[in-house]
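> Pasting a structure below so you can have a look.
There are 2 protein chains.
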Amino acid sequence: MLKVLVDCFGGDHSPEANVEGALMALKQFCDIYLILTGDEAAIRGCLEGKEYDADRLEIVHAPEVIGCDEKPIDAVRLKRESSMMKAIRMLRDRDDISAMVSTGSTGALVAAALTRIGRVRGVIRPAFCPILPTMDGGLVGICDSGANVEVTPEMLRQFAIMSSLYMEHVYGISTPRIALLNVGKEPEKGDEIHQKAHILLSETPEINFVGNMESRDLLSGRYHVVVADGFSGNVLVKTTEGTALELLKKLKKDIFSRTIYKIGALLMKKMFADEKEFMNYQNYGGSVLLGCSKTVVKGHGSSKAVSVAKCIEQAYRMEQSSVAAKTEEVILKYEHYEE
Amino acid sequence: MLKVLVDCFGGDHSPEANVEGALMALKQFCDIYLILTGDEAAIRGCLEGKEYDADRLEIVHAPEVIGCDEKPIDAVRLKRESSMMKAIRMLRDRDDISAMVSTGSTGALVAAALTRIGRVRGVIRPAFCPILPTMDGGLVGICDSGANVEVTPEMLRQFAIMSSLYMEHVYGISTPRIALLNVGKEPEKGDEIHQKAHILLSETPEINFVGNMESRDLLSGRYHVVVADGFSGNVLVKTTEGTALELLKKLKKDIFSRTIYKIGALLMKKMFADEKEFMNYQNYGGSVLLGCSKTVVKGHGSSKAVSVAKCIEQAYRMEQSSVAAKTEEVILKYEHYEE
């Protein structure tokens, strides 16, 4: 039985979405056991009237919640009784628990994971790897997307190793094509860190490095992983999400501006619904914090039930495929390069 | 009479688009005089049969072309007889010429401008400021979008000052709202450079600094200028363009997948054409290299005639409104901060 913690508070739709997502995952995987943390009465309220396997669900009461506007370090230090910190401590202390999912404050989760949960041996810093859909129906992971705004070339190589193994073992992509986010395709582009990283990535036979990528090609389907410093990786992910959302909003507004457009859109109703689903990041789960010794998955703050269920699935597959152990094996080959 | 150089080679649609764009600008502004550089026979070929005011058009023969894959420094040094370098030298040497437009290699143009054309007094480094449309029908400038992959906080302040004056005087936006591209809204987000830049921007009363911006809000219309280091600014612009293009491509493909969608799309034909025009970056001209002592405008490599004409219009308005002189005045107030 795989035990996964679900932090039920801190998201925009908490605790309802978190609890409902947990029940969905419970139905999907018969060998999963979920521990929900948060205000017990509120969680019980969400469970009322629902059918589920009560033998595989447990509630651990946590009266506090970490808000999104709280300083991460303070929250981690002071909110010991919060749903997130209780989950983090249980993840750290209990050998029978291997993963946790949270839709709460990203900053607090990163700070807590870094200070309370160990890293995979050899890993300099864990990194986020969110997943986006590509236009050919595939997926692309972006690593790092914001856990490390400052990086070294060796860190970028580790991001590549970690995310390559992740895409291979959690998403079943054999020899994923790895690119380095840069301002141009030529190896000498970018600052010194990216130039050096390009060389390091080229010298790492464990990954299928295909060169620099310009950000306009992210959704082309030509790449399975884009390696990035956390600053520009964050810009990459949020710009893609933001542009897609704004365009859909504009389309909708324009459709309602004329009757003939409304009629046309009626005929295309299913297509527009499909596009919306396709671009709905809720369907792609959350960001695994790669490089932690135990699996930590960060769901979007706006996660609904389906997204929480996806996050739990990601945690499940991370553990089933032993990505952390595989990561350690490769990373340690290059440990002497550590800066 | 305002004299503007038009480098007619190096773009995807050169020289036809460049020459046609020049003729459009010539028609639009009666007080403009254009000097076209490049292979004279080819340019004359493009002019054949066209009606235009020959008294305000001159051709300067330049037999060489700088390719997009050439190393910028080498190109600048070795291709002295190229259409770009001839234009650059004329811009430098002749007091009666105030601006130039090119759709050729960005790297070569930046290198040439930095080494051959002077900076506005006090400016540490010139920066690009491309323009994108926002969803409410407005515009947003991104400065820098790639001329400087490494920056200092003081450089970011200068980018803010330069682009604020640009948006005000070239686009008629009074007290433009300036944001700093960062990974979160809070002032303490990002690396040390962005944290310090946030403080400097807050302490500059000449600009209307409204705080950090997350990249997902670029097209919201809430900002007129986004200040960025050239690396993440480049990612921001190219991701926006790339996402919009990929989505439109996907929509088109999906429409053709079913007859009923095709019928629906037929009713919405004008709307889709409008959306396409709206997102067509050709309509928004090029990127002015702000901070040069003479105006240098870089058009997109894929520029068609309308885009070249827009670039010439940008050059015209830069000069008409004396943005460089206004920039110098503000920048010099802060010169003692220079690092």
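The listed protein sequences derive, respectively, from chains G and S.
Numbering-wise (the working numbering), the first sequence opens with residue 7 and increments by one.
Numbering-wise (the working numbering), the second sequence opens with residue 7 and increments by one.
By construction, the Cβ of each residue, glycine as well, lies at the ideal position given by its N, Cα and C atoms.
This structure is a prediction, so every number in the text was calculated from the model and none was measured.
#1: Is any beta-carbon of chain G found at less than 7 Å from that of G152 of chain S?
#2: Check whether the Cβ atoms of L29 of chain G and K56 of chain G lie closer than 7 Å to each other.
#3: So with CB distances below 9 Å, who are the chain G contacts of G270 of chain S?
#4: Quick one: what's T43 of chain G bridged to in DSSP?
#5: Say whether chain G places a C-beta atom closer than 7 Å to the C-beta of V241 of chain S.
#6: For I137 of chain G, write down the residues that DSSP places opposite it in a beta bridge.
#7: Please check if any C-beta of chain S sits within less than 7 Å of the C-beta of M141 of chain G.
#8: To the nearest angstrom, how far is the alpha carbon of R302 of chain G from that of V116 of chain G?
#9: Note down the Cα distance separating R127 of chain G from K316 of chain G, rounded to an integer number of angstroms.
#10: When the distance is taken between beta carbons, is N218 of chain S closer than 7 Å to L240 of chain S?
#11: Closer than 9 Å, Cβ to Cβ, to anything on chain G: give me those residues from the segment 198-222 of chain S, in chain order.
#12: Starting from G248 of chain S, find everything on chain G with Cβ-Cβ shorter than 7 Å and list it in chain order.
#13: Run the CB neighbour count on F134 of chain G, radius 10 Å, all protein chains shown included, and call it buried at 16 or more, exposed below.
#14: I'd like to check one pair, C14 of chain G with S108 of chain G: are the Cβ atoms closer than 7 Å?
#15: Mark P211 of chain G as exposed unless 16 or more other C-beta atoms lie within 10 angstroms of its C-beta, in which case mark it buried.
#16: Taking just the CA atoms, how far does S208 of chain G sit from S170 of chain G?
#17: Can you list, in chain order, the residues of its chain whose CB lies under 6 Å from that of D18 of chain G, leaving out five sequence neighbours each side?
#18: Listed from N- to C-terminal order along the chain, which residues in the segment 101-125 of chain G have their beta-carbon within a distance smaller than 7 Å of any beta-carbon of chain S?
#19: Beta carbon of V25 of chain S, beta carbon of C52 of chain S: below 7 Å?
#20: Given I130 of chain S, which residues of its chain have a CB within under 7 Å of its CB, disregarding the five upstream and five downstream residues?
#21: Between which two residues does the alpha helix (DSSP H) carrying G27 of chain G extend?
#22: Pick out the complete beta strand (DSSP E) segments inside the segment 260-336 of chain G, 3 residues or longer, and give them in chain order.
#23: Closer than 7 Å, CB to CB, is L253 of chain G near chain S or not?
#24: If we count the other Cβ atoms within 10 Å of its Cβ and call it buried at 16 or more, is F262 of chain S buried or exposed?
#25: Are I179 of chain S and M173 of chain S close, meaning C-beta to C-beta below 7 Å?
#26: So what does DSSP say about S88 of chain G, is it helix, strand or coil?
#27: Apart from the five residues just before and just after K282 of chain S, which ones in its own chain have a Cβ nearer than 8 Å to its Cβ?
#28: Which residues does DSSP list as the beta-bridge partners of N214 of chain S?
#29: Count the other CB atoms within 10 Å of the CB of V338 of chain S; is the residue buried (16 or more) or exposed (fewer)?
#30: Bridge partners of L8 of chain G, per DSSP?
#31: How would you label Q320 of chain G, buried or exposed, when you count the other beta carbons within 10 angstroms and need 16 or more for buried?
#32: Which of the three DSSP states is assigned to R83 of chain S in this structure?
#33: Buried or exposed: which applies to I41 of chain G, given that a residue is buried once 16 or more other Cβ atoms fall within 10 Å of its Cβ?
#34: Within the continuous beta strand (DSSP E) that includes A203 of chain S, where are the two ends?
#35: Taking its Cβ as the centre, do 16 or more other Cβ atoms sit within 10 Å of D223 of chain G, making it buried, or is it exposed?
#36: Determine contact between the segment 137-153 of chain G and the segment 226-245 of chain G, defined as no fewer than three beta-carbon pairs at a distance below 8 Å.
Looking at the coordinates:
#1: yes
#2: yes
#3: I269, G270, A271, L272, L273, M274, K275 and M277
#4: Beta-bridge pairing links T43 of chain G to G:D13 and G:V66.
#5: yes
#6: G:G147
#7: M141 of chain G counts as touching chain S.
#8: This sequence places Val at residue 302 of chain G; Arg is not what is there. Going from the Cα of V302 of chain G to the Cα of V116 of chain G covers about 9 Å.
#9: 27 Å
#10: The question names Leu, but residue 240 of chain S is Asn in the sequence shown. In this structure, N218 of chain S does not lie closer than 7 Å to N240 of chain S by Cβ.
#11: Cβ contacts with chain G: E198, H200, E220, S221 and R222.
#12: S221, R222, D223, L224 and L225
#13: buried
#14: no
#15: With a threshold of 16 other beta carbon atoms within 10 Å, P211 of chain G falls short and is exposed.
#16: 14 Å
#17: G307 and S308
#18: none
#19: yes
#20: E160, M161, Q164 and E344
#21: E22 to Q34
#22: 293-296 and 301-304
#23: yes
#24: exposed
#25: yes
#26: strand
#27: Within the same chain, Cβ atoms closer than 8 Å to the Cβ of K282 of chain S are found at L254, the five residues on either side in sequence being excluded.
#28: Paired residues: S:R183.
#29: Contrary to the premise, residue 338 of chain S reads as Leu rather than Val in this sequence. By the neighbour-count rule (16 or more Cβ atoms within 10 Å), L338 of chain S is not buried but exposed.
#30: G:I38
#31: Looking at its Cβ environment, which holds 16 or more other Cβ atoms inside 10 Å, Q320 of chain G is buried.
#32: helix
#33: buried
#34: That residue, A203 of chain S, is in no beta strand (DSSP E); its alpha helix (DSSP H) goes E198 to S208.
#35: buried
#36: yes
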